[in-house]
Amino acid sequence: MENFGPLMKRYRAKLKLASVLWLEGFREACCLHRVAIYCLRSKQLMIRTGQCFLLNGFIFLGSIFILRYLILPTLERILPFGVPDGYQEPCLSEMPIRLYAFLRLGLLQLIYALWFYPLYIFSFILSTIWYNDIAQFGLTVTEKSGPTNLALTSQKEPSTSQNATPVDKPTDLGRVMIGIAEQGYSVLLLTFFFLEVYLTGFVPYIGKALNFVLLSWMYAYYCFEYKWNFSSLSLDKRLDFFESNWAFFAGFGSPCVLAIFFFSPLVSYGVMAVLFPMFVLTAAGSDADSVVNTHKTKWGGEELGKLPIFYAADKLLMRILSLLPVEPQEQTSDKKSL
């Protein structure tokens with residue numbers, strides 16, 4: 254019982270620190286005034302952000318609005334749900350109702366097949382390209398006021414490798430191959446993590462809460478990944494930084510999830526496609542390392558501890574990759590000698 258008191262005190266301190274870091278992450282994500290400042294400083298950024306808003310906000314969400322409030326009411330008037338006047342016998346009244354229902358369903362599926370699904374694919378591909386441009390232009394603007402600590406840390410690594418021996422120094426081709434491999438592994442890891450997020454939604458009682466938290470982490474990682482990619486931060490370091498400061502990133506991703514959590518999938522995509530560039534720009538202007546270290550210093554250097562957020566996705570991915578047929582190096586060398 255004597256050791257229980259200090260343990261509870263330390264637990265409360267960690268809980269308070271986690272709450273403070275969560276609020277700081279939430280506040281950093283809500284600093285949307287940075288978007289206006291960065292757009293005023295960069296004409297290219299303003300154009301890309303405007304194009305993203307026009308495609309996803311005006312065209313995509315506008316199409317959903319037209320479907321719900323114009324096309325559907327028109328179809329209900331032309332093909333009503335109720336029994337038309339003059340039909341008194343049940344056998345006669347059921348025929349037009351079924352025919353109208355079939356025609357409504359067929360017309361709606363035709364609209365989705367010819368308009369919404371192609372528009373969704375087109376918006377997804379084009380927005381992905383634009384997000385990369387928006388992040389690049391935003392980081393160019395923020396670099397004028399000085400790079401962040403993470404960028405400085407990642408930029409110091411090549412300078413130390415220059416002092417190494419020529420044998421240890423990787424070639425340019427080797428760096429490119431390592432970068433491609435890390436990027437591919439990151440995409441697969443996030444894909445499996447998204448599957449994990451999707452499955453948690455079916456957990457009874459706590460599924461929605463778990464889904465909200467995991468989605469917050471996922472969107473926060475997406476927002477900061479652009480910044481880390483351009484700063485050449487290695488995958489293991491960005492994952493370690495993310496999992497060590499899980500409370501801050503949970504808070505940063507919460508506004509992203511709150512904006513889409515209660516909408517249908519199509520509307521959620523449209524809203525997120527409009528808001529995501531703004532959160533990418535707020536992440537570009539956020540010095541997460543400095544914010545977290547400042548609050549840790551205020552709390553006497555208290556550490557939250559590393560939370561293995563991507564543990565399940567990483568283990569599943571490594572398990573699947575281990576099943577792939579890989580020829581041993583000894584066999585390949587023997588074949589070359591032959």
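Numbering (the working numbering), first residue to last: 254 to 591. No residue lacks a Cβ here, since even glycine has one placed at the ideal position from N, Cα and C.
Ordered along the chain, which non-local residues of its own chain (more than five positions away) have a Cβ less than 6 Å from that of residue i?
i: S295; result: F390 and V394
i: S539; result: E281
Measure the beta-carbon distance from residue i to residue j and round it to whole angstroms, keeping in mind my assumption that it falls under 8 Å.
i: M471; j: G504; result: Wrong, their Cβ atoms sit about 14 Å apart, outside the cutoff.
i: F501; j: E277; result: 6 Å
i: I364; j: L320; result: 7 Å
i: A388; j: F494; result: Not quite, the Cβ-Cβ distance comes to about 18 Å (not below 8 Å), so this is no contact.
i: V533; j: C476; result: 5 Å
Skipping 5 residues on each side, what residues in its chain have a beta carbon closer than 7 Å to that of residue i?
i: R357; result: L328 and L332
i: Q297; result: F390
i: V466; result: A503
i: L569; result: F445
Looking only at its own chain, which residues have a Cβ that is under 8 Å from the Cβ of residue i, when we skip the five neighbours before and after it?
i: P457; result: none
i: L577; result: none
i: L314; result: V520, G523, V524 and V527
i: Y564; result: none
i: Q341; result: The predicted position of Q341 is uncertain, since its pLDDT is 48 and thus under 50; a value taken from the coordinates is nonetheless stated next. So the list is empty, once near-sequence residues are dropped.
i: G460; result: T453 and G454
Using only the alpha-carbon positions, how far apart do residue i and residue j sit?
i: A526; j: I312; result: 12 Å
i: N498; j: I300; result: 34 Å
i: L352; j: Q362; result: 15 Å
i: F455; j: E396; result: 43 Å
i: M531; j: Y451; result: 24 Å
i: R287; j: L360; result: 44 Å
i: L274; j: L463; result: 19 Å
i: S469; j: F516; result: 16 Å
i: Q436; j: C509; result: 24 Å
i: L441; j: E478; result: 14 Å
i: K267; j: R491; result: 23 Å
i: Y438; j: L574; result: 10 Å
i: W481; j: M430; result: 18 Å
i: I433; j: L379; result: 22 Å
i: Y264; j: P518; result: 39 Å
i: P561; j: R330; result: 55 Å
i: L511; j: C283; result: 12 Å
Could you spell out where the alpha helix (DSSP H) holding residue i opens and where it closes?
i: N309; result: Looking at the DSSP string, N309 is not in any alpha helix (DSSP H), and its letter there is neither H nor E.
i: D493; result: L488 to S497
i: P371; result: Y370 to T395
i: C476; result: G460 to F483
i: G454; result: Neither: G454 is in no alpha helix (DSSP H) and is coded neither H nor E.
i: F529; result: P518 to A537
i: Y564; result: Y564 to S575
i: S543; result: A541 to K551
Check your understanding: Are at least three pairs of beta-carbons, each pair with one atom in the stretch 289-308 and one in the stretch 366-384, less than 8 Å apart?
Key -> yes
Check your understanding: Touching or not, the stretch 535-551 and the stretch 431-451, by the rule of three or more beta carbon pairs under 8 Å?
Key -> no
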